[in-house]
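Input: a single structure, listed below in structure tokens.
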Amino acid sequence: MSYSGNPSFFKEAHNLDFLSSTVNAVARDQINVNSSFHESTNISTKEVGLRRLCQAISQVGALHSSEERFPPPKCDPATRTAILREISHWITINCGRPSVEQLIASLIHSRTLLTTSRPNTGSPSSGYHGYVPPNVPNGDSAPIYWLYGPAGAGKSAIAQTLCERFGVAKGGKHLIASFFFSRSSPTRNNPRYLFLTVAYCLATFSNDSMLRSAIDKAIMKHPAILDSESIEAQFHELVVQPLRSIFFWRRWRIPKLVVIDGLDECIGGDAQRRILTTISDVLLPESSSGRLIPLRFLIASRPEPAITEIFKRPRICHNLNSIILDNGSETSRDIRTYLVHEFSRILQSCFFIPSESPWPSPIDVDELVRRASGQFIYASTVIKYVKDEGSHPPSRLKTILESPLRDVNAFADLDALYSQIVSSTPQKRPSYVVHALAFVLLTSKISHICMMEQIFELPEGSVFVAFRGLNSVLNISFESDSVTLYHKSFADFLQDSCRSVDFFVNLGMHLKEFGRRCCKIVEDIESKSDFCRDQ
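Using UniProt numbering, the final residue of the sequence shown is 535, and nothing's skipped along the way.
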């Protein structure tokens, strides 16, 4: 049966927003309408630039509230309280709205700067460093905050919790944009979408019509900025210039916090360097643009070489706040709190778990905390496995606590993380990395790199090259020439052939090889001693 005329979709509906959608109209026959259909009261038909921007990022899903990330990781109640309090303090100090008196003082400074400095030189000017909240230590007023730590430490959960706490949608006044990188997503691992997303958020959530118009006009003037221009050009034309174009007092009244999570999951160390350099070149006090741009960046990542290299530069580290997530006593307490809370929820939902004795026992919880070694991902993986629908929680917990682990799927998430990390090393031969990792496991407490190179007859510096990219699972110290493991769970992963596959470490075999090489070194020393005596 034929259908004549155009279907009328969502008649008299409001606030609709469809991007590249397939709309199915089902009556007596089914009509499929493929369209680039965008109908929204939020973006008017006249705002062609913003509509193009929205189209460009519609499939990215990197915002903290994106459906693609649901359900996002976030901090359990009563956990991470100290670190959340510290970062929240920095946010409220840096991203709050200044008083009229402070704005006037900053405006006078900025006009003095503009009349005494040559434009676009980027050279330091006398005395003015932009709006700095009064009576605040320099660390609190730093424009960039770096939250870093090893894999699985809970950085994304902290970033998500802060986004929800300070997001405009939840009544907050500070968060303007967020971007959560993900190595496994072809859009969320691409640096091209980062500053496009920030620009979209500025236009959408700033509630400033002048800024919105400036971003719209910038895209209309230069449409290629959305797909073929560099990330540096995107940041300058869609973020910096629109902010500089609006009145000074309006600029400081908008929300200022930009959260970037998982920067290490952006593909390529060069891209990570470019992102950080682009941001710091604008925000640092000596930058002429930085004095006029109010944005503040919270960046969460693993301490990968490319990122650490940028943050160690003197001009950046002196204007940087940072905090490390380690496996200290507070982290262990938080993991215990999380486990007890989650196990109690499992207990409430499972009628067949006997309630006469505590489940799990305090000894079992202690063992799980010990095995976690500060890794929230270990604890969350345990809970996910134990409470899996259709499973018997006590049996699953017993499986986890058994050694060796009988169910290779128990730590699928953790194994995927570790596999991704060890596969990212620059060495083309896995056996080369396995030899070095075996030495670390065999020496247990601390491994000296120079000794490793001597025993295995490796060129000087080759171990550092082999371990490049493993900073999130290995504590590599150039100063003490040593390597130690961050987490026991990584050692468990390496020693299970079903889990680590190409990176399996057979300790028995490597111990024999290690002993053979040590004997050879001793023999060489003795033969040299005999030769010296004969001479």
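Idealized CB from N, CA, C, for every residue including glycine.
Is the CB-CB distance between residue 257 and residue 174 below 8 Å?
yes
Using C-beta distances below 8 Å, list every residue in its chain close to residue 493, excluding the 5 sequence neighbours before and after it, in chain order.
411, 414, 415, 418, 499 and 500
If I measure Cβ to Cβ from residue 485 and keep anything under 8 Å in the same chain, skipping five residues before and after, which residues do I get?
440, 441, 473, 474, 475 and 491
Residues bridged to residue 146 (per DSSP):
As DSSP reads the structure, residue 146 sits in a beta bridge with 299 and 322.
Please name the residue in 239, 515, 323 and 61 whose C-alpha comes closest to that of residue 184.
61
Would you call the segment 341-350 and the segment 303-313 touching, i.e. three or more CB-CB distances under 8 Å?
no
Endpoints, the alpha helix (DSSP H) within which residue 423 is located:
412-423
On the DSSP letters alone, give me the boundaries of the alpha helix (DSSP H) that residue 280 sits inside.
Counting along the chain, residue 280 sits inside the alpha helix (DSSP H) bounded by residues 269-283.
Is it true that the CB of residue 199 sits closer than 8 Å to the CB of residue 53?
Yes, Cβ-Cβ distance for residue 53 and residue 199 is below 8 Å.
Report the CB separation of residue 319 from residue 145 in whole angstroms; it is logged as a contact under 8 Å.
Not quite, the Cβ-Cβ distance comes to about 11 Å (not below 8 Å), so this is no contact.
What distance in whole Å lies between the Cβ atoms of residue 244 and residue 292, which are believed to be in contact at a cut-off of 8 Å?
Taking a contact as a CB-CB distance under 8 Å, the pair residue 292 and residue 244 counts as one, their CB atoms being some 6 Å apart.
Given a cut-off of 8 Å on the beta-carbon distance, is the pair residue 172 and residue 180 in contact?
no
Which whole runs of the beta strand (DSSP E) in the segment 443-476 are 3 residues long or more, in chain order?
Counting whole runs of 3 or more residues, the segment 443-476 contains no beta strand (DSSP E) stretch at all.
Where do the ends of the beta strand (DSSP E) carrying residue 484 lie?
482-485
Return the chain-ordered list of same chain residues with a C-beta closer than 8 Å to the C-beta of residue 455, the five sequence neighbours on each side being excluded.
439, 514, 517, 518 and 521
Quick check: what's the CA-CA separation for residue 324 versus residue 526?
47 Å
Residue range of the beta strand (DSSP E) that residue 177 falls in?
175-180
Any idea what DSSP makes of residue 437, helix, strand or coil?
helix
Counting Cβ pairs, one atom from each stretch, are 3 or more of them under 8 Å apart for the segment 153-162 and the segment 188-199?
Contact fails: fewer than three Cβ-Cβ distances are below 8 Å.
Among all the DSSP beta bridges, which residues are the ones paired with residue 257?
175 and 296
What are the start and end residues of the alpha helix (DSSP H) that includes residue 266?
It is not in any alpha helix (DSSP H) - residue 266 carries neither H nor E in the DSSP assignment.
Would you decide whether residue 249 is buried or exposed? Buried here means 16 or more other CB atoms lie within 10 Å of its CB.
Sixteen is the threshold: since fewer than 16 other Cβ atoms of the shown chains lie within 10 Å of the Cβ of residue 249, the residue is exposed.
Measuring alpha carbon to alpha carbon, tell me which residue in 345, 147 and 48 is nearest residue 217.
48
Inspect the beta-carbon positions of residue 64 and residue 72 and report whether they are closer than 8 Å.
yes
Using beta-carbon positions only, say whether residue 504 and residue 433 come within less than 8 Å of one another.
no
Quick one: measure Cβ to Cβ for residue 225 and residue 191, integer angstroms, because I've assumed they're closer than 8 Å.
Actually they do not touch by this definition, with Cβ atoms about 14 Å apart.
Put residue 167 into one of helix, strand or coil per three-state DSSP.
strand
Roughly how many whole angstroms lie between the Cα atoms of residue 406 and residue 395?
12 Å
Judging by CA-CA distance, which residue of 229, 335 and 168 is the nearest neighbour of residue 372?
335
So, are the CB atoms of residue 316 and residue 368 less than 8 Å apart?
no
Which residue's Cα is closest to the Cα of residue 511: 341, 466 and 436?
436
Could you check if residue 457 is buried or exposed, using at least 16 other CB atoms within 10 Å of its CB as the buried criterion?
So residue 457 counts as exposed.
Alpha carbon to alpha carbon, how far is residue 268 from residue 237? Give it in angstroms, no decimals.
CA-to-CA, the gap between residue 237 and residue 268 works out to about 24 Å.
Thinking C-alpha only, which one of 366, 339, 430 and 361 is nearest residue 385?
339
C-alpha distance - residue 298 paired with residue 93, whole-angstrom precision:
13 Å
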